[in-house]
Amino acid sequence: MATYEYTCPGCGSFDVRLALGTAPATRECPACGRDSRRVYSAPALTRTSPTVRASREREERSREAPEIVSGVPPSRRAARRPHPALARLPRP
Numbered sequence: 025m026a027t028y029e030y031t032c033p034g035c036g037s038f039d040v041r042l043a044l045g046t047a048p049a050t051r052e053c054p055a056c057g058r059d060s061r062r063v064y065s066a067p068a069l070t071r072t073s074p075t076v077r078a079s080r081e082r083e084e085r086s087r088e089a090p091e092i093v094s095g096v097p098p099s100r101r102a103a104r105r106p107h108p109a110l111a112r113l114p115r116p
């Protein structure tokens, strides 16, 4: 479904959702019934954040050339140093 914009000479603009490519050049205004002409405007495009863009690019690259993993990645806990306060706790 696509959203098409029409402008009525008396009431102003209104939107209609129709199947893609089926919008006529003129359409009856839902408020007053007059013929309204179709208006061509820019599509509603949004900018994505750099994080989302990088994630999508990585996903698209993995379709053609996936990364090969040779082993289990190291645990994050193994890379951390223990907190210094834990060294002063009594041990069983």
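Everything in the sequence shown is counted per this note's numbering, starting at 25 for the first residue and increasing by one. Ideal placement from N, C-alpha and C gives every residue a C-beta, glycine not left out.
For residue i, which residues in the same chain have their Cβ closer than 6 Å to its Cβ, ignoring the five residues on either side in sequence?
| i | result |
| --- | --- |
| Val93 | none |
| Asp39 | Thr27 and Glu29 |
Out of the options, which one is the CA nearest neighbour of residue i?
| i | options | result |
| --- | --- | --- |
| Ala13 | Arg112, Asp59 and Pro33 | Because the chain is modelled from 25 through 116, residue 13 falls outside the range shown and cannot be assessed. |
| Thr31 | Cys56, Thr46 and Gly45 | Cys56 |
Between residue i and residue j, what straight-line distance do the alpha-carbon atoms span, to the nearest angstrom?
| i | j | result |
| --- | --- | --- |
| Val63 | Thr27 | 11 Å |
| Gly34 | Arg51 | 14 Å |
| Leu110 | Val96 | 28 Å |
| Pro108 | Glu84 | 44 Å |
| Arg87 | Ala43 | 31 Å |
| Ser99 | Ala66 | 48 Å |
| Thr46 | Thr70 | 25 Å |
| Leu113 | Arg77 | 46 Å |
Cutting at 8 Å between CB atoms, please list the residues of its own chain near residue i, excluding the five before and the five after it.
| i | result |
| --- | --- |
| Thr72 | Arg80 |
| Arg41 | Met25, Ala26, Thr27 and Tyr28 |
| Arg61 | Tyr30, Thr31, Ala49 and Thr50 |
Exercise for the section: Would you list, in sequence order, the uninterrupted beta strand (DSSP E) runs of no fewer than 3 residues that lie entirely inside the segment 42-85? Expected result: The segment 42-85 contains these whole beta strand (DSSP E) runs: 50-52 and 59-63.
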